[in-house]
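Q: Residue numbers (our numbering): 272 to 667. Where a beta carbon is used, it is the ideal one built from N, C-alpha and C, also for glycine. Being a predicted model, the structure only gives us computed values, none of them experimental.
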Ligand code: LMR
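So, in structure tokens, the structure goes:
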């Protein structure tokens with residue numbers, strides 16, 4: 272049965288961690304997988320999470336299954352974090368929210384739910400997008416179309432090309448948008464651009480499918496949700512897949528959500544029941560640990576403040592590193608303007624290098640980055656910035 276199976280190459284993103292770990296070069300730099308790192312290069316457990324974990328240890332008195340949609344307080348807080356406390360769709364009872372295993376689990380659950388109910392629907396995905404979007408969504412049975420998003424020459428979002436391409440998206444189609452901190456390019460839609468895409472969705476009838484995995488790591492928790500809150504207000508339907516991997520540092524605990532806004536409260540109940548039934552067909556019930564931590568923190572004003580302060584520190588550090596990288600690259604005298612990195616948001620930016628230059632950074636300098644030249648800015652620190660900037664200058 273297994274004789275003819277061939278090995279697959281390592282994952283283009285996750286495979287970088289294994290290669291980095293094996294590398295013996297003392298100057299090695301890890302700018303690969305998108306996890307937040309502190310100044311010492313560690314991906315820390317947030318202090319509020321540690322406290323919630325010790326509470327869990329004393330308070331948890333059963334390991335029985337949790338509710339299929341997830342704990343009630345988790346769902347309440349997730350809706351409010353995404354939409355704000357007073358969003359009209361909350362009052363109107365049009366928001367269904369289901370706990371899912373991480374951001375990828377949420378995307379897959381949403382895609383399977385769509386495919387169960389409208390088989391072979393088309394989803395438009397930005398080019399470029401997170402390297403796992405295409406395999407994850409297409410293997411769930413969705414039909415994929417790409418729309419242009421980023422202009423590599425000017426290092427900026429190409430709204431005209433994007434809008435022209437999305438003219439083809441019609442009722443019954445979905446358009447995948449990155450809620451904030453676009454992965455891999457860091458170039459986000461501004462308010463006017465969100466409004467333009469919202470108007471197009473309203474005119475043509477397509478349903479936006481927002482992947483928001485970095486809320487709070489761009490400009491702030493509310494600021495980063497501008498686009499999705501606008502769309503939730505103006506459009507009859509919206510799909511949101513969110514993750515607590517990055518903003519709570521709960522990567523390995525796999526905690527995320529599928530939030531669906533429907534035209535009315537009756538279809539909201541029906542949609543919620545279909546999403547949990549779809550999850551039942553795949554993994555039955557969601558994991559509890561991460562959801563408990565998120566709910567415990569957001570239920571407690573002191574823990575919420577502690578978490579928010581740490582998140583703010585992380586965001587400020589990332590934005591500071593962006594400035595520092597631009598400055599250090601300028602100081603090397605490279606004949607290239609890198610100031611765009613300073614305007615981009617979240618963990619990622621492209622360095623605008625060729626495949627050969629990326630390979631040279633990895634093989635000759637032990638600097639690990641994705642082959643598209645995407646770097647995880649949070650992997651930079653005071654100890655490696657000079658080596659990094661000099662090495663980039665050398666491969667250029
Ligand atoms: C990334 O883009 O590096 C992260 O989202 C991790 C992953 O699963 O690819």
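1. Between residue 567 and residue 322, what straight-line distance do the alpha-carbon atoms span, to the nearest angstrom?
2. Report all residues from its chain with a CB closer than 8 Å to the CB of residue 390; omit the five preceding and five following residues, and keep chain order.
3. Is any heavy atom in the ligand LMR found nearer than 6 Å to the beta carbon of residue 454?
4. Is residue 304 near the ligand LMR - that is, is its Cβ less than 6 Å away from at least one heavy atom of it?
5. Heavy atom of the ligand LMR less than 6 Å from the Cβ of residue 284, yes or no?
6. Helix, strand or coil: how does DSSP classify residue 365 here?
7. Smallest Cα separation from residue 423: which of 403, 559, 446, 398?
8. Under 7 Å Cβ to Cβ from residue 522, same chain only, skipping five residues before and after it: list those, please.
9. Are the CB atoms of residue 304 and residue 284 within a distance shorter than 7 Å?
10. Determine whether the beta carbon atoms of residue 528 and residue 368 lie at a separation below 7 Å.
11. Spatial neighbours of residue 543 within its chain, please: C-beta separation below 7 Å, excluding the five flanking residues on both sides.
12. Looking at the structure shown, is residue 648 part of a helix, part of a strand, or coil, going by DSSP?
13. Answer with buried or exposed for residue 318, where buried requires no fewer than 16 other C-beta atoms within 10 angstroms of its C-beta.
14. Does the distance from the C-beta atom of residue 452 to that of residue 485 stay below 7 Å?
15. Determine whether the beta carbon atoms of residue 624 and residue 646 lie at a separation below 7 Å.
16. Could you spell out the range, first to last residue, of the beta strand (DSSP E) harbouring residue 620?
17. Report the start-end ranges of each beta strand (DSSP E) in the region 464-490 that is 3 residues or longer and not cut off at the edges.
18. Can you tell me which of 659, 359, 280, 293 puts its alpha carbon nearest to the alpha carbon of residue 503?
19. Tell me the DSSP bridge mates of residue 529?
20. Excluding sequence positions up to five away, which residues of its chain have a Cβ less than 6 Å from the Cβ of residue 615?
21. Which one of 558, 550, 581 has the shortest CA to CA distance from residue 335?
22. Ends of the beta strand (DSSP E) at residue 415?
23. Grab me the residues of residue 569's own chain with a C-beta within less than 7 Å of its C-beta, minus the 5 sequence neighbours each way, in chain order.
24. Is it right to say residue 455 is buried, meaning 16 or more other beta carbons lie within 10 angstroms of its own, or is it exposed?
25. Taking just the CA atoms, how far does residue 386 sit from residue 416?
26. Quick check on the burial criterion: 16 or more other C-beta atoms within 10 angstroms. Buried or exposed for residue 518?
27. Less than 7 Å separating the beta-carbons of residue 475 and residue 441?
28. Evaluate the contact criterion for the region 585-604 versus the region 650-664: three or more CB pairs, one atom per stretch, below 8 Å.
29. Relative to the ligand COA, is the shortest distance from any of its heavy atoms to the C-beta of residue 480 smaller than 6 Å?
A: With the structure as the only source:
1. Start at 1 with the first residue of the chain shown, and residue 567 comes out as number 296. Start at 1 with the first residue of the chain shown, and residue 322 comes out as number 51. Looking at the two C-alpha atoms, the distance is approximately 9 Å.
2. As a first step, residue 390 is located in the chain shown; it is residue number 119 there, counting from the start. Hits under 8 Å: 412.
3. As a first step, residue 454 must be located in the chain shown, where it is residue number 183. Yes.
4. The residue given as residue 304 occupies position 33 in the chain shown. Within the cutoff, so yes.
5. As a first step, residue 284 must be located in the chain shown, where it is residue number 13. At least one heavy atom of the ligand LMR is nearer than 6 Å to the Cβ of residue 284, so yes.
6. Against the chain shown, residue 365 aligns to sequence position 94. Under the three-state reduction of DSSP, residue 365 is assigned to coil, being neither helix nor strand.
7. On the chain shown, position 152 is the one that residue 423 refers to. It is 398 whose Cα lies nearest to the Cα of residue 423.
8. Sequence index remark: in the chain shown, residue 522 carries index 251 (1-based). So the qualifying residues of the chain are 306, 516.
9. In the chain shown, residue 284 corresponds to position 13, counting from 1. In the chain shown, residue 304 corresponds to position 33, counting from 1. Yes. Within cutoff.
10. Here residue 528 is taken as the residue at index 257 of the chain shown, counted from 1. Here residue 368 is taken as the residue at index 97 of the chain shown, counted from 1. The answer is yes: Cβ separation under 7 Å.
11. In the chain shown, the residue the question calls residue 543 occupies position 272. The answer, listed in chain order, is 340, 367, 369.
12. Reading the chain shown from its first residue, position 377 is the one you call residue 648. Note: residue 648 maps to helix in three-state DSSP.
13. Counting from 1 along the chain shown, the entry for residue 318 is found at position 47. Exposed, because fewer than 16 other Cβ atoms sit within 10 Å of the Cβ of residue 318.
14. Within the chain shown, numbered from 1, the residue matching residue 452 stands at position 181. Within the chain shown, numbered from 1, the residue matching residue 485 stands at position 214. Yes, Cβ-Cβ distance for residue 452 and residue 485 is below 7 Å.
15. To locate residue 624, count along the chain shown from 1; it is residue 353. To locate residue 646, count along the chain shown from 1; it is residue 375. Taking 7 Å as the Cβ cut-off, residue 624 and residue 646 do not qualify as a contacting pair.
16. Here residue 620 refers to the residue found at position 349 when the chain shown is read from its first residue. Residues 619-621.
17. 478-483
18. As a first step, residue 503 is located in the chain shown; it is residue number 232 there, counting from the start. Taking only the C-alpha atoms, the option nearest residue 503 is 359.
19. Within the chain shown, numbered from 1, the residue matching residue 529 stands at position 258. In DSSP, residue 529 forms a bridge with 369, 512.
20. Counting from 1 along the chain shown, the entry for residue 615 is found at position 344. Result list for residue 615: 457, 458, in chain order.
21. Indexing the chain shown from 1 puts residue 335 at position 64. Here the closest residue by C-alpha is 558.
22. By one-based count along the chain shown, residue 415 stands at place 144. Here the beta strand (DSSP E) through residue 415 covers 414-419.
23. Taking the first residue of the chain shown as position 1, residue 569 is located at position 298. Closer than 7 Å at Cβ, skipping near neighbours: 348, 575.
24. By 1-based counting over the chain shown, the position of residue 455 is 184. With 16 or more Cβ atoms within 10 Å of its Cβ, residue 455 is classed as buried.
25. Within the chain shown, numbered from 1, the residue matching residue 416 stands at position 145. Within the chain shown, numbered from 1, the residue matching residue 386 stands at position 115. Distance between the alpha carbons of residue 416 and residue 386 is about 16 Å.
26. Here residue 518 refers to the residue found at position 247 when the chain shown is read from its first residue. That one is buried.
27. Locating residue 475 in the chain shown gives position 204, where the first residue counts as 1. Locating residue 441 in the chain shown gives position 170, where the first residue counts as 1. Closer than 7 Å, so yes.
28. yes
29. Absence of the ligand COA is noted for the structure shown, with the ligand LMR being the only ligands found.
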